[in-house]
Structure formats: C-alpha cells, structure tokens
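Below you'll find the structure, written out as structure tokens, and then a few comments.
Chains as they are written, first to last, in the working numbering: chain A, 2 to 512; chain B, 2 to 512; chain C, 2 to 512; chain D, 2 to 512.
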C-alpha cells in the first residue's frame, strides 16, 4: 500500500494537461490541495490501527493486504465494510470522500467483463483482472468518467446533430481504439492517477460506437481536463479540518485519444454483441455508487446535524422542542438511509464472477430520499445556526489589533463557552454553509450518483408492479388467489439474465 | 394450535360486558365479525402449508409448535419472521392484522419480569412464564391496554384532580390487587380472549400506585368495554376480502376489578422498587410494537400503492410520469421502512431473559417516517383513483333492473377491462377511501403505536447527541481527536442498566 | 326570494328519478335531508339582517333584490361579496355550502352566450337572460353537471370505443335537442331544482356533437340520478350543527333526454362555429368555481384549525410550541388563499357582457395550494385531537344507565371544562374526522373544482413563460433590454380574443 | 434627487471605519462595488421615464418629487407602488434591492414617534420629521441596524452576564446619548449614508436602557463596521448584470458612540414610559419589512423560475410534465405571496400620524411561506439546470486558445441555441447557484426580515384564536350563537391602542 507522500510524488511527475483560468497547470497546483487533502484520509487511515480493519482488505487476486478502495467485494461483509468505511471517512473530512468512484467502477467492470466473455467468448475479464492487479498493487486513485455532455437531451447518441455529444470510438485499430467526446461533472480527476470511462446510458443497436469502456492514466495523450476547484474559505489563525478540504470538478475532453487494447473493457464498435452491456455497466456502476451513497449521505447528514446541534448548544437553544424535532428529522433520515444500505448488502446477490451486487431497490430508494432532502438539511442547519452563518466577519477581524477585542466580546453567547470556541463553531458552519464548496455539496447531494428522478426510474424499472397489483386484485375480488408474498422486484440475477445465460447465486434466499 | 372455529366457540361462551349504542352485547354480535374475520387469517394461515413457516414457531418453554403470535423472540430470525408474517398477513386483509398487540406485550413482559426479579428478588418471571405457557397452549388472542385516558395532559398521574385518570391499584390484598381506571383507543378487545394492561409512561416515586401490569380475560368481572365498530360498506353482490374486514376500538373501564396474584406482573404499590420498571415496560412494549409496524406499515403502503396502480391502469394513465413518480414514492417509503425493521432485527440485543430486543433508533425512525406520510399516501390514492373513490353509486345500482345496464355502461374505461372488474376496482378503493374504517386506518396510521412526536422523543432520548457533536467539534478544530466512529445511541443494553445491574449480550457486535 | 320551506315544498312535488340501493326514491327521502340542511343556510341567512348584505344582491335584469346565489357579478364588489358570503356560510355548516355550482355556472354562461352571439350572430344570450330571469325570480338551486365519465382517459370524445363516454347531442330537432351520456361526481343534484350541464374540456372539430350546454329541471324525463349520500353519524342527545349536515354525490345519466331550444345554450352539432366555445365555457366555469373555492377552502381550513385549537385547549396543550406551529400553518394557508381570491377580484376584467371575470392565475394558484394541503390539514387535526377522534365510544354510552357516569368521568381532561363540553368537542371532531362524509370532504378538497394537476395545467396555459424567461435573459446578458415589468399572463381579455373579436375592459389597469 | 454619481462622490468622502481582513478600508474599496451596483438601480430607474412613476413619489412634507425609497406611505397606493417597485427592481438585479431597509425604518419611526409624543407629551415626531426632510432632500441610503448580537438567547437584555449583548444607552447627557453594543447580520452598511438603529425585541421595565432608536451617518465616531463582502464570480469576457452585483453584510459595533439629541427617536433610559414602544417599533419595522418582502420574494422566486425555465429550454426538456410542475410550483408561490402583499395594502390602516400600516397577518403569512420555500426553490433550479450549475469550467476556458473550440463544442445542447448563449445561460446560473453570494441569498431568504419561526410567533400573537374557536364551538353545539363573521385578528389599530390612547382609521372597513 502507498503512503500519501508516495501518492503526491506520483502526481508531481504527471504531465500537465489540466486547464484553469486559461492556463495549463500541473498536479501540484495549490488549488488542488484541498482535494488531495481528502484523499489523504484514505491513505493515512489505512495505516492507522484504529481504522485498519475498515480501510484495508485482502485481495482475492493476490492474497495481499490492499487498500479497501481498490478491493472487489467478495462477500456481504465486504459490502458492509465498504459502506462503514465510507461513512467514517466522510465524518473525518466533513463530506464526500471522493475515492469511491474508483472502487465502484472496478466492481462494476469486474462483473460485466465476466459476463461479456460468457456471452461472446471474449477474454475481457482476464484483461480487466490484469489491470485490477496493477490497480491494487499501485494503490491507485481513480476518477470514474460517466456523465457525457449529452447535447440535446431528448435525442439518442446517434441522433445528435454533432455525433460527439456522447463519448465514442472513432476508430478501431489492431492495437487499440481512438476515442472522442467529453464527460462533465466529474469529481477528483485533477488529483487522480487514472480515469476509468464508462457509458452513461443504455445504447441501442445504432449506438454501438458509443458502447465503450476503458481506463487511462489521467495525463494521457489526447486527454484535456478543464478543472473547476471549489474550496471553503481558508484560515490563517484557527486551523481546522473543515477548512482544509476542497473539491475539483472536471470537464474531461477526449480529443481523439488512443487507448491500447489491454485497457479497453467494452467495445460495441468491434463486436455489436457487446452493445447491450453498455447499459448494464452504466446501471451496475450506478448501483455500486448509490450503495456508496448509503455510507456518505448519512455521514453528510450527520455532519450537518452535528453542526446544527453544536450551534444550538452554543446559542443556548438546544432544549427547545423545535430544535429537537429538526435535528431528529435529519438523524432519522441518516439512520434509515444507512440501514437501507446495510440491508442491501444483506440482500446482495453473488454474480457469476464471484463479486457481490447489493439490492438495487434499496440503494435507489435510499439515495432518492437522501437527494430529496439535502436542501432541507441545509435549511435546517442555517435555521438553527442563524444569520451569522452567512454574515460572520472574516477571521482577521477576530485577531487584528483594532477589532479583536470587540469582535470576541460580541460573539459571546452561552457564557460557559469561550469566545474562541464560539468563533470556531460559526467559522466552521460558515465553511459548510457559505462558500464555493457549499454549492458543490448541495448540487452533488442532489445530482451526484444520479438525481432523485433517475432513482425513481431505476427503481420502477426493477420493481415489478404486476405482483404488487396482485395485492389489490386479491383484496378486491378480481383474483381469487392470494398474492405471492415475496417482494417482486427484478433482481440483479434477472437483470443479468437479460444479458447472459446464467444465474447468480442468492446469498440469503429468504430476504 | 386452535382453529378459527375453536376461537369463535370460545368467544361465544364469554360473558357479555361490551356496550354499543346503549346496549350490552355478546361477542357474537354482527358488528364484531369484521374484526374476527381479520383474526381468522392468523389462525388459517398457521395451518396453511404456504404460510406455515412464517406463522408458526417452536415454543422455548415447551418445545411445541405454536402460533407465532404467541411466541417470544429468541433469535434474530424470530424477529425477522415476525416482521415478515406481519407484512404478509396485512396484505391479505388490506391493513392492520390486529393480533400484534398480544405478541408485543408478552415479549415486553418476558424481558421486564426477569429484570424485576433480578432487581428486587421477586419471582414475577416464573409467574409470567406460567401465564405464557397457558397463553401459548390455548393459542390466545390478546388486546394490550396501554393508553390511559390521561386527564389533563400536562399533569402527572398523582397530580390529577381525579386520581383515576391513569389506571391504578386502589387496594393490595393478600390474594391479588384491585384496579381502577380506564384505557382508551384500544383495538380488538371486543373479540380478544385476554386483556393485558401495561403502563403508558414513566412513573415517578409519587406515582407508585400507577406502576401496574396484569392480564385478565376480557370478560372479567369489573371490566366494562365501550366498543366502537367501524366497517367498510358491506357488499351484496360482489364479494371481496376488502369488504369483509372490520375494526372495533374500545374504551376499557376497570371498575374496581380484582386481579389475582398469578396474573399480576408489576406492582409499584406493593414494592416501590418496581416503580421505575413501569416506564421501561411502556417503552419496551412501544419498541416491540414499532418493530411490528415495520411489517404492517410497509404492507399498508403497498396496499395503497397497489390500489392506486390498479386504478391508474384501469383509468389508462399508468404510463404517465407523474403516476410513476407518485407510486414510486410510496414504494420507496415501504421499502425503507421494511429494511429499517430488518436491520433493527440484525442489530438486536439479547436481554438477560434470553429474549431479543430490536434496535430502538431504527424502529422509531421507521415508524416516524411512516406516520408522517400516511395522509400523503391516502392523498396519492385518491389523486390517482379520482373523484369516483368518494362518489361511486351504491352497489345495488349496478344490479337493479332499471339502472344496471346504464351504470355498467358508463363506468367503462380501459376497453380491455370488463365493467365488472372496473366496478370491483373502484368498489374496492371506495372501501379503502370512503367509509368509517378509513378514518380508523388514517388516525391509527398516524397515532397507532405512538405518534411521530412520540417517536421523535423516544429516538432523541436514546440517541446520544454528544458523540455526534464530536464530529463537528473535530471538523471545526474544537477537539483534536477524531470522533469515535460507532453510532452512539443508548442501546437496550444501556437502557436496561438503568434499571438492573447487568448487561445484555450484543448479538452482532459490529453493527 | 324563496324561504327554505318554499324550497322544500317544491322538492316534494318533483317526480322520483333518483336511485339508491336499488330503489327509486323521492326528494323527501331522509338520506337527502343533510344536504338540504346545508342549502337551508343559503335561504335563512338571506332573510337574516346580520347576513343580508352579504347574501342578497340586486338583479341587473330586474332591479329586484335577489338571493346572491342567483346573481351575476357586475362589479368587483360583487366578486368580493360572493367570496365572503361563501366563507361565512361555510363556517356555519362546517364545510362546503354546495350552492356555489349554480352561481358559477350562470356567470360562465352569461359571458359565453354573449360571445357566441357576437361570433356567430345567434341569439343565445337573450335565451340565457330569459332563463336567468326565471332562475332569479324563483330563487332556484342548481347543480352544475360538468364532469363526464370520460371512458379511456387518453382518448378524445370522438375517439372512444363507446361514443357516449362524453355527453353528446344525438339528435337536433326543430324544437330542441336529444342528449345522451353521463356526468359523475356531481354534488347536490338530489335536492337541486335544476341541472345545468356544461362541457368538461376543450373540443376539437371532430368533437362538435359534444359541444353542448343546457339546463333542465332535475326531475326531467330521461334523466336518471344514481345518488350516494354521505352523512356524519347522527345524534340522539347532543344536537349540533355539524351533525345535521350531509352530502349527496350523483351519477347523472341522460338517457336520450329531450331539451327544448329555450334551455339550450351551446350547440356545436347545429353550428360547428360554436364548438370552440365548449372549452372556453369549461374553463370559465372552472375559473368562477375556483374563485368560489377561495371562499370555501379558507373556511374549511378554518373549521379544521378551529376544531384543532379547541381540542388542544381541552387537552391542555394549547401553549405547546408545536401546537401553535401547526395551527398557524393552517391559518396562514387560509389567509393566503383568501387574499388571493380577493386580489383576483381586484384584478378582475369586465367581459363584453358586462360580467366580471376574476384573475385566473390567482384563482388557480390558490386552489392548487389548498388542494395540495387538504390531507395535511386533516393530519394536523387528528394529530392535535389524538386517537379519540377515531375511537370515541358512541353517543349512547354517555347517556345509558350502566355506562354514563363512567364514560363522563373518564373523558374529563382540562378540569375547567365540563364533561359535556369535552364530549361535545370530541363528538364534533369525530363527525369531522371519522364518518362517511369525511372521505367526501377529503376527496372533494383534493379533486373538487379540479385537482392540483388541473390547476397547474390551467395556470401554465395562462401564464406566458417567455416574458418570464426575459428576466433571466436580461440578467445573463442574452438580451440587452430589461424585461417588461408587468406580469405576463394571458388575461381573460386575451383568452376571449381567441374566441371572439373584441376586448374586455380592464377594471384596474395597474394591477 | 441625487444621481448615482452624486451618491458615489458622497461615499468617497466618508471617513474609513470599515474593517476587512484586518485592514481599515474606505467606501471606494473594490469589494463594495457589487453592492453599490445594486443601489445604482434605485437612482437610475428614478430618472428613467419607464420606471419614474414607480420609483418616485411626492413628499408629504415638502411637496417635492422624491425618490420613493425615502417616502413615507400616505395611501394604499403608496404601499402598492412600493411593493411593485421592489419587485421590478429586484428583477433587474437578480435578487435583493437592499435599499428597502431605509424606507421601512423611516415608516416605522414616523408612526412610532407620533405615538410616543401622544403618550408622553414629548416632541420626538417633530425631531423625526426634521430628520426625514433631510433624508428626503439628500436622497439618502440607510441601513437599518436591528438585530442585536443577543448573547445567551434565553435571557433578556438585563439578565445577560455581559450587559452589552443588546445595544444600550450607557449615558444620558444634556446634548445627547452615549450608546454601546453591536448589531449583526446587517446588509448594505458599507455603502449606506446612514445607519438607523432600532430595537430588536420587546423590552420589559428592567430593560429600559435598551429601549433606544437613533440615526447616525455610517462613518460616525465610535462606529466600527466589520464587513463581509460576498460576490458572484466576476467575468472577463461575457459581461452580464447578474455578475456585477454583490452584497456586504456588516457587524456594526457602537463603541461608546455619542448621538446628538436631534437624531435620537426613542429613549427609555430618559423616560421609562417610552420603554414599551421599543417592542412596538421592532414589530412595526418588521411589518413594513415583511411587506417589502412581498415584493422582493416573488421577484427572487421569479428570477429562479426564469433561470430554471431557460435552462430547461436550452436542455431541451421544457415540455416534460415534471418540469412544468416544478416551475409552476415556484410561480404559484410567487403569485400568492405578491397577492398577499397587495391585499395587505388594501387592508391597511391609517395610523394617527397619517402613515399607512399594511395588514400584519398577511405580511407575516406571505413571508413565512416564502421563507419556508427558498431552499426548495434553489433545489428546483439546480434540479432543472443539472450538475453543470456547480461544475461549469471557468470562463477563460471558453476563450483560451487551447480549449475554446472544444469547450464551446461540447457545451452545445439545443441545436437552435448558439454555444455562446448556452454558455451565458449556465454561467448565469452558476452565478446564482455556485458562489459566495448564493449562501447569502439562501440564508437571507430564510432569515432576512425574520425567520419563519418569528413570523409564526408574530402571526399568532396578532391572530385572535378565541373567535376562531367560536366556529367550532358553534358547530359542535357548545355555543348557540353563530361566530362573528369577520376575521378576528388584532389590527394595528388594536396594537396601537396598547401603547397609546386613540384609534387609527380603518381605510377599507369591509376588508
């Protein structure tokens, strides 16, 4: 396993292909350090005895101890540990841990490449396992590039006026493929080792050129990254973890980039029988990613509830019934969302590749509820913290000669709490509520991993309404037989069967 | 195990002590048959091979096969099966299965009588086990009488102007106790074999007389039951399960009733050291009951979603996006609530009596969300079914000579569905939406087992906010140490420790 | 003006053509008396000096004093008075006053018949004014039959498999028309003098046969009424207005009924140029009706808030913050909805016929909000009243020898309030929350006058989004000119211009 | 009337007493120019013939034409025009117009100083009118400093450990007063001519020292301003109004500042009979300010709806039903809120000073609804605009040589819209959604002018629940008399009567 220092050294060696404000910059640019600071938790905690059990795993390929973020889930326990690790690390950085994209992408690829081989006789799974071994051994950070720019939203890829609105293979060569297109709204690319590109939707027969998945180093030739950093306001005097983090969103352009064969994991242009697997891969990544959200969303809610509860204590109102009601609302949501993620692990199915797939109805139902509530949670935090969360004077005023004494005098509330701690509390809330990164957290809380609308669609495409209607038909006397009494959703098992010819194994047949 | 016929014969023998409309009536009164019809499912399905595994269990006292509704949970699997049984049987009667009160009361008493003995050296647990053996062998239906009439809501029991506003022991005799008071909003008493009375709240030292729990046959001397039946509109022509059910709510008066010692399970008047166990018993019953709600509330939501989906199909609008969004909303809630109940079983703790207690935070969070949404679910059903759900002509009009042909002609919608089935669909929805029993379902959906306000209070009294605030304190630099990374709620283990001197065993130490 | 007694005598003379439970019954049937009791308020209050100013008006046709429910709005003040009358009378009967359908229908017909004449050279307005004079002189109650049974919801009238799914003209005769079809979900028909039938939607050229409006006495040949009464539980001992009211919903079948020419107000089959006026009439009635809802919905909300506040007082919890928050929520909605109705009157336009049309955006926005909140209001009432609202023992138990003393003892709460008044309070709430009529109030609160979905569609078809987008275009630098600063909705003026060739007069040009 | 240039020249002359980042800066600091840009609209539009009627008024003191922002409302029309001006100018700067604080403060002082004189025989009204004349003639911008820092929220001013937690008079001198304390969360002070300080709450007899109101120039001796600017990201290439604006929130410290008598308008330390007027002034300012919110909140909602609708068009999804539903939700709220403000003007009462006071129930109900919905509106905007609203690459990337072509190619959506306009649209939305000023808009939308909780309290303290309960008492048979049929709120008339001995005149006695 790498250390954070190794990771940083590696980043420093990469070719500059990132653009900010009209300039091409390297990976050591100051504006990326907040993001790297978050990744640091994933390296440091894997070496920290208190977190080691959560943050490391044993590779099923090599038997070596690896960072859990490079692991493929081979059991229910793996899914539970991944979820818990996500929650715990998000607590430590006040929100998104950013490295889940990699683990979610490799899990989806592990399942799908196996299926492609069984359906078409190819050897993509071996290719992928070779790549995975490299990924694990080098303890890499990956960015998963899924969301295409999409052009006209109501047209399919091949119907667009400009055919490049979805990432596509423009040429098949003997040694690899040439790809063109752009992915946007991608987190962490500016400080990731690798970019793993996967499709964003189902592809029809006419969209075969768009059925493509591959991995490249993030400074690869032909890859251009337009980066948008967002940071909380930095501190001079009162250092705190919440002020050190950051986010960088990327608009990644593949400008006729060449990808060698051993890094290509789906190619509908070469073999159209692979085309339907584009949608399967898209949904499977989404499922793993939404399962990760059952770890990070509760943590985000808890960070918000925690800050709100602390502000309420410092404001002296923590015993007011409306305060309790509001905080309990957030906590209840966090608990339900986390429990849904745990149950989706208990109900997981084992794919033929041996990798476990969590229950899709639950991952979607949980992500949907969390997404619908994120703005309300910010509202509650601002409500309980008060107007100061957006109007707190800058940090210097609390330290400068002419103003320090007055500023510290007048920020005082609960007499038992020092001015410095009250200041720290509202400075921290200001970081959460009132800076560039706030918007990223809000919008990502709504859209990241798919917006509530997408989860509704996914949930309802998996959920079989006919047996549900059977309940009413029986009760209303339209059908005589009682409804069958198991929930009737389409399981990963059945979803897989659409694409290949075998059946994953039910882990807990009774759930 | 009894059959439904045995149960009915037994009811027929009971003394009349039920009052409706100014008259004293027996248990065979027509107005109670809808309720008994629901209880029928609990007897019939225990004998039905398709449901036997769910609906029966093995007594830990006798090793005999018993109806699961008389069973005490000795494992996680018992909790999971009880939850699933509840959901499945609720599907079969379109809502509340009504017999959960008994199982929830005996589980709470099993845990608490054991604790009382350990704290005070008494032998209540043996008493209770003797009663439980009788209860299991005779396969009894119990009504749990918890909610006192409460008088002035802001005063404690001993502060009331009339001291009888909470059920109390007015006399301790050598052979038993004399009790006075009333319990209201109690389901199923009119066709239950037994009434199990337990406290409704915590009791202070001054409230010792009110710390009382016991069981009596429901036709016991000194017990008067004011019953309020509520039924859907009955049918003449188109029979259907949904039209056969019913509910009876009771206002139970204990008019100086004598209870012999072997049926007394808590007596703070005799031994004030028992007084604090009143609150523990109240909360523990609530916890088991809210766990039962994680079975019945998803089922109720699914009945509603099922009816709404069927109406949408028959109205020809099932593919409209707003219809899918509304139905998916209900389904998502049902899934989250059910998953929370399952996880609360996985996180159960084993009490010293050997009986399992589900996680309280989750049972409360799930019940709270379900309670908050029940009116919204009715709104969605009425929305998708349309105005006819409250304005459908009576059944006869569809069969009487002068009107049948016209009524059946004009109710036609989706041309593929027969008039009769369309009629059945809207008649069924009318039963759900537009009759006396509707209000009971709505109000019970909100208040039954405790209103959302109560769940907020319970949840927040279990949830330890200080470690949660630790997250913000760490992030804001107020504390240097990272927060401890387990959820920090007060477990049943810790709750028990308040009352007795030992520790339940964690079943899954990692959850 | 008639008295209530005159009205009743008139009803008694009508031919029986109403079917309940397979029998044909007359207008004096006991089951209709609850509805008639509501209509009584509209007669009695017109004679009551305290309400006379609100409940009477001066006919613009005859200069005579008439009941306001037969009046056509000739000024802003008329609209304001109608709204206030509606609110006040709804307070007196605990909900829907039921006679608004007539006034809303005659206002819409007054405007539209005038327009038809101007567009086609016909003389329908004179016909209508003759009818209106008769209507006013005889102080008639009208039921407006708008909602067709509609068959397959996704097909237009002429596309249905059975062409009778929308009311249509099957034959034009020299002396009148023959109509066939059915209208459902119609309030008050069983005790109305007249049925006024109008279209339910826009009609295309191919739907000309369905562009029809007319009035007939409600016992007319060929008219069959399938009636569904819904009443609160009646009282024996504690009489109260809330227990006396009732509702009857009708499914009205026009079984080849003949309508003489002087009662026909729209006939697309005779003159296809009239066809587009079907949609105009449908929307205009909806607009007047939604304006009436800005009177009755605040009243309904206030009845609910009033009952909830009284229960809170009697329960002793009225000073609890959550109680205030919940009641203030309902009150705030009522106030906003009422104010919107008042402003829609202030912004009214005067149609060429001289009749005033309230602002459509506001009537729709207000009705939409009210409809979305109705279930939530019931939830709040049940929340604050508690479980007793659905489980109160029957009235007799509080008076019968064996139970009266105990029942009255145990219902006691706030010691300052007598048992009788506490009983009255919960008996009243039980009438509101737990009886057949509850469902009608809930479903009508959602769907009556058009569901929130319909108001969204209407609102957005009137609201011109392009000028709104102009705000963003200006702010974003896409357009240099500032947006025009008046709200840019399509006014009745513009709506009228689609159908005829002139312009209504703006009453308040600045609003 | 001044021009914007005059205003700026005046600012440039002021003494530096503003602190940012540890430095003392002057009013011409670059970071204040976004705020001044907003104030510019209030000067420019007063000179613009298209807006002149709205933005100017005639002084009741001098008969001169003045900027409406310095005017005291002498009629219903004045209130309506102020509301409309607010809405229109907010459209032009994409949110808060910031100058309303001044007009709201002078209106409240005009009413209250008159009342103080009548109650105590003082001459404060003449003092105030002299100040008002100066204010109007110099066309001044005022910041209203109301919100005290408040220390421990559960203690009254005199109970605080540090007595300076609320602004207080520390010394009465013959020529004036010396004040000490701090006000926070104050908008616009950094570019305002004047600070008008008023109390934040009711004051008891023991809080007389805290009953103080006065005006001083914002660079007055002893006044220190800790300023926090928040701006959208500025542009280099695509200029647009939305990118030019800004906000500055201030923490204002009165460090033993001397205020001469002719600028003191309330002094409870000098004459304790004035103390109760502190609360009256606080509430009256809040009422005027909430009435201003009925202009700015609809405008803010419309800006959001406008941007969301434009993004939906450019994304090609504007005809999707869920898009229409979401946009109509915002529009409906805006319309209801605006109509409530208009009706509160129509229902205004004329205070004895001749100044009009809008209806308090409506201003509070409208502000409450708007405050509760602001986060939901941002959610809808982010929902319809998509993830790009928080991840759009920086502006330079669309113009720099290496990236411009690619960036403009891949941002393309609706093929009919140029890349530049699509870029402008998302750049504008990014300004709204993703920058420092976003948080200020969100938090101000919730808390500005009082949070929903405050409006609930104010509304319920004005609304007389007893007559409302009369509705239920009548319906339930507890009282025989029908309820009185006017809404029973405490009017400004009655509120005034608490403080002084006369009655304002009802303007529209029937509303």
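Ideal Cβ positions, reconstructed from N, Cα and C, are used throughout, including at glycine. Quick caveat, the model's predicted, so the values are computed rather than measured.
- For residue 323 of chain D, the nearest beta carbon of chain B is closer than 8 Å to its own beta carbon.
- Remark: C-beta atoms of residue 241 of chain D and residue 342 of chain C do not approach each other more closely than 8 Å.
- The alpha-carbon separation between residue 305 of chain B and residue 433 of chain B amounts to approximately 8 Å.
- Pairing residue 239 of chain A with residue 312 of chain A gives a Cβ-Cβ distance that is not under 8 Å.
- Classified as exposed, residue 162 of chain C has fewer than 16 neighbouring CB atoms from the shown chains inside 10 Å of its CB.
- Per the coordinates, the alpha-carbon of residue 183 of chain D lies some 7 Å from the alpha-carbon of residue 252 of chain D.
- In the structure shown, the three-state DSSP call for residue 416 of chain A is coil.
- Between residue 391 of chain B and residue 250 of chain C, the C-beta gap is smaller than 8 Å, which places the two residues in contact.
- Residue 341 of chain C: member of the alpha helix (DSSP H) spanning 322-347, first to last residue.
- A distance below 8 Å between beta-carbons, with the five flanking residues on each side excluded, links residue 151 of chain D to the following residues of its chain, in chain order: 166, 167 and 201.
- Less than 8 Å separates the beta-carbon of residue 209 of chain D from that of residue 269 of chain D.
- Counting C-beta atoms within 10 angstroms of its own C-beta, residue 131 of chain B has fewer than 16 neighbours from the protein chains shown and is therefore classed as exposed.
- With fewer than 16 neighbouring CB atoms inside 10 Å of its own CB, residue 65 of chain A falls in the exposed class.
- With fewer than 16 other CB atoms across the displayed protein chains lying within 10 angstroms of its CB, residue 155 of chain D is exposed.
- When secondary structure is reduced to three states using DSSP, residue 93 of chain C falls in the helix class.
- In the DSSP assignment, the residues bridged to residue 248 of chain B are B:231.
- Residue 406 of chain B counts as exposed, since fewer than 16 other beta carbons sit within 10 angstroms of its beta carbon.
- For the options D:235, D:330, D:196 and D:245, the alpha carbon positioned closest to that of residue 100 of chain D is the one of D:196.
- It is roughly 7 Å from the alpha-carbon of residue 421 of chain A to the alpha-carbon of residue 409 of chain A.
- In this structure, residue 231 of chain D sits away from residue 26 of chain D, with a CB-CB distance that is not shorter than 8 Å.
- Counting only Cβ-Cβ distances below 8 Å, residue 290 of chain D has no contacts in chain C at all, with the closest Cβ about 18 Å away.
- Contact of residue 466 of chain A with chain B by beta-carbon distance below 7 Å involves 310.
- Under a 10 Å Cβ-count criterion, residue 122 of chain C is classified as exposed, with fewer than 16 other Cβ atoms of the shown protein chains found around its own Cβ.
- Sequence-distant partners of residue 157 of chain B (beyond 5 residues in either direction) whose C-beta falls short of 7 Å from its own C-beta, in its chain, are 205 and 208.
- Of the candidates B:12, B:11 and B:19, the residue whose Cα lies closest to the Cα of residue 254 of chain B is B:19.
- Between the alpha carbons of residue 92 of chain B and residue 296 of chain C lies a gap of roughly 41 Å.
- In the pairwise beta carbon analysis, the region 280-290 of chain D is classified as touching the region 98-114 of chain D: at least three pairs are separated by under 8 Å.
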